[in-house]
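These notes concern the structure reproduced below.
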């Protein structure tokens, strides 16, 4: 009898853990090539999730052709240069041939709606990596409400981006979910107890990422700490970016303490964060979910953050948040962490632990899979 009960319990457990096989189509908007050699951040997130697939789901990417290299995911290339209507027609035809159980359209709401109305039998989700612009007038509201009505799920990379959407379209709350981006912590190493006296900023050289307050803050703080140095790893930094050059010029008198690296491969960022004691993320806009902050935590650096957008979803209580995203505030935060090594190491260690527990690939992939399965189940039940 006891043996029979154990078998029944095991059968129930197996039934609970069993996950149905699904064919999942992931559709990218125009100009996304899903290139393994030069990936867009959205493409990186897709690959990261796809790397964890214990359910054995069949995934297929639908993207533009012309990639320099592919990864091991199946890709259906869509025509480029023929215009959006031709691309949409080709996408719908290819999706019908693939016969997916679930379709996930990244970034573009209009494309997601068009696909949903062309394949009404298949649940379609819109996966947004940034904020959806609210309607400016009644006509835009009616158009967007009609468009969103065809979609089964709205997936957002942070609570802030989800809440921003729901503030304009509260009727879609039952379909809207947050799914934070994961990180492969193995690739981001660093011991919070063994760091160099280095401050790192790794981001695009654009106003939104806070290059101006960073440079103002470093220009004020570094002269007071001659044994500390800063490394700026800047992308989108070229001769045409005169604004960025003007910001970096503020550090010209600190050439022995400041290193400027431009357009570097990811490995350079990983190596710099592995050694650095402090990372500054002074985004001046509502950053949806910047991976740079998550990477800094995973590498064991103490993070100074503006806390805008999804930054608080990433760091929780384990970042030093700026009251104002201005040079004096950045300098004051740097001064505080340099003056208090215990606080600096504690923040680094706790932030690293959070990144490696809360933001792991298996955890986030399980959450995403549950949302995908829920969309399919809900459609079947309706």
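Numbering (the working numbering), first residue to last: 3 to 384.
Built from N, CA and C at the ideal position, the CB exists for glycine as well.
Go through its chain and collect everything with a Cβ distance to residue 346's Cβ below 8 Å, but skip five positions before and after it. Here residue 346 corresponds to residue number 344 of the chain shown, with the count starting at 1. Same-chain partners within the cutoff: 279, 280, 304, 339, 340.
The segment 318–326 in contact with the segment 227–242 per 3-pair CB rule at 8 Å: no
If you scan the segment 98–146 from start to end, which runs of the beta strand (DSSP E) of 3 or more residues do you find wholly inside it? 104–108, 126–130
Assuming residue 159 contacts residue 106 under a Cβ cut-off of 8 Å, what Cβ separation, rounded to an integer in Å, is found between them? As a position in the chain shown, residue 159 is number 157, starting the count at 1. As a position in the chain shown, residue 106 is number 104, starting the count at 1. Their Cβ separation, rounded to whole angstroms, is 13 Å, which puts residue 159 and residue 106 out of contact at 8 Å.
Comparing alpha-carbon positions, which option in 243, 292, 198, 164 lies nearest residue 204? One-based indexing of the chain shown puts residue 204 at position 202. Closest by C-alpha distance to residue 204, out of 243, 292, 198, 164, is 292.
Where residue 40 sits in the DSSP three-state scheme: The residue given as residue 40 occupies position 38 in the chain shown. Here residue 40 sits in coil by DSSP.
To the nearest angstrom, how far is the alpha carbon of residue 356 from that of residue 317? Position 354 of the chain shown, counted from the start, is the residue given in the question as residue 356. Position 315 of the chain shown, counted from the start, is the residue given in the question as residue 317. So the alpha carbons of these two residues sit roughly 8 Å apart.
Residue 19 to residue 368, Cα distance in whole Å? Here residue 19 is taken as the residue at index 17 of the chain shown, counted from 1. Here residue 368 is taken as the residue at index 366 of the chain shown, counted from 1. Summary for residue 19: the model assigns pLDDT 41, below 50, so the residue's position carries little reliability; its value from the coordinates is reported in the next sentence. Roughly 12 Å separates the two Cα atoms.
For residue 55 and residue 67, I'd like the C-alpha separation in whole angstroms. Position 53 of the chain shown, counted from the first residue, corresponds to residue 55. Position 65 of the chain shown, counted from the first residue, corresponds to residue 67. Near 25 Å, if we compare the C-alpha coordinates of residue 67 and residue 55.
Do residue 157 and residue 130 count as a contact pair if the criterion is CB distance below 8 Å? Your numbering for residue 130 matches position 128 in the chain shown. Your numbering for residue 157 matches position 155 in the chain shown. In this structure, residue 157 lies closer than 8 Å to residue 130 by Cβ.
Nearest-angstrom Cβ-Cβ length linking residue 104 and residue 274, presumed shorter than 8 Å: For this step, residue 104 is matched to residue 102 along the chain shown. For this step, residue 274 is matched to residue 272 along the chain shown. Contact flag wrong, Cβ pair sits at about 39 Å.
Only counting the same chain, and skipping five residues up and downstream in sequence, which positions put a Cβ closer than 6 Å to that of residue 218? Start at 1 with the first residue of the chain shown, and residue 218 comes out as number 216. 329, listed in sequence order.
Measuring CB atoms only, is the segment 249–262 touching the segment 213–228, in the sense that at least three cross pairs come out at less than 8 Å? yes
Check each candidate in 85, 58, 52 and name the one with the smallest Cα separation from residue 73. Within the chain shown, numbered from 1, the residue matching residue 73 stands at position 71. The option with the nearest alpha carbon to residue 73 is 52.
Considering residue 64, what are the terminal residues of the beta strand (DSSP E) in which it resides? If you number the chain shown from 1, residue 64 lands on position 62. That run of the beta strand (DSSP E) goes 60–66.
For the beta strand (DSSP E) holding residue 314, just list the boundary residues, first then last. Taking the chain shown and counting its residues from 1, the one referred to as residue 314 is at position 312. Here residue 314 belongs to no beta strand (DSSP E); instead the alpha helix (DSSP H) covers 313–317.
Whole-angstrom Cβ separation of residue 343 and residue 286, contact assumed at under 8 Å? Translated into positions along the chain shown, residue 343 becomes position 341. Translated into positions along the chain shown, residue 286 becomes position 284. Actually they are not in contact, since the Cβ atoms of residue 343 and residue 286 sit about 29 Å apart, beyond 8 Å.
Alpha carbon to alpha carbon, what distance is there between residue 288 and residue 165? By one-based count along the chain shown, residue 165 stands at place 163. By one-based count along the chain shown, residue 288 stands at place 286. Near 13 Å, if we compare the C-alpha coordinates of residue 288 and residue 165.
Just to confirm my understanding: we take residue 179, look at its own chain, exclude 5 residues before and 5 after, and list those with CB closer than 8 Å. What are they? Stepping through the chain shown from its first residue, residue 179 is reached at position 177. Excluding sequence neighbours, residue 179 sits near 155, 156, 157, 158, 164, 373.
For the putative contact between residue 184 and residue 362, defined by C-beta atoms under 8 Å, what is the C-beta separation to the nearest angstrom? For the purposes of this step, residue 184 is identified with residue 182 of the chain shown, where counting begins at 1. For the purposes of this step, residue 362 is identified with residue 360 of the chain shown, where counting begins at 1. Rounded, the Cβ-Cβ distance is 6 Å, consistent with contact.
CA-CA distance, residue 57 and residue 370? Counting from 1 along the chain shown, the entry for residue 57 is found at position 55. Counting from 1 along the chain shown, the entry for residue 370 is found at position 368. CA-CA distance, residue 57 to residue 370, rounds to 12 Å.
Pairwise C-alpha distance: residue 61 and residue 13: Residue mapping note: residue 13 aligns to position 11 of the chain shown, counting from 1. Residue mapping note: residue 61 aligns to position 59 of the chain shown, counting from 1. Annotation note: pLDDT 36 at residue 13 (below 50); position unreliable, coordinate value reported separately. Their backbone Cα atoms lie some 29 Å apart in a straight line.
Just to confirm, is the Cβ distance from residue 284 to residue 212 under 8 Å? Counted from its first residue, the chain shown places residue 284 at position 282. Counted from its first residue, the chain shown places residue 212 at position 210. Yes.
Closest residue to residue 269 among 123, 309, 188, 79 (Cα-Cα distance): Here residue 269 refers to the residue found at position 267 of the chain shown. Selected option, being the one with the closest Cα: 188.
Taking the DSSP output, what are the residues bridged to residue 26? As a position in the chain shown, residue 26 is number 24, starting the count at 1. Its beta-bridge partners are 61, 104.
Excluding the five sequence neighbours on either side, which residues of its own chain have a C-beta within less than 8 Å of the C-beta of residue 127, listed in chain order? On the chain shown, position 125 is the one that residue 127 refers to. These residues qualify, in order along the chain: 104, 105, 106, 107, 114, 153, 154, 155, 156, 157, 373, 374, 377.
Taking the alpha-carbon positions, what's the residue 182 to residue 331 distance? In the chain shown, counting from the first residue as 1, residue 182 sits at position 180. In the chain shown, counting from the first residue as 1, residue 331 sits at position 329. Near 28 Å, if we compare the C-alpha coordinates of residue 331 and residue 182.
Hey, out of 82, 124, 77, 84, whose CA is closest to residue 24's CA? For the purposes of this step, residue 24 is taken as the residue at position 22 of the chain shown. Measuring from the Cα of residue 24, the nearest candidate turns out to be 124.
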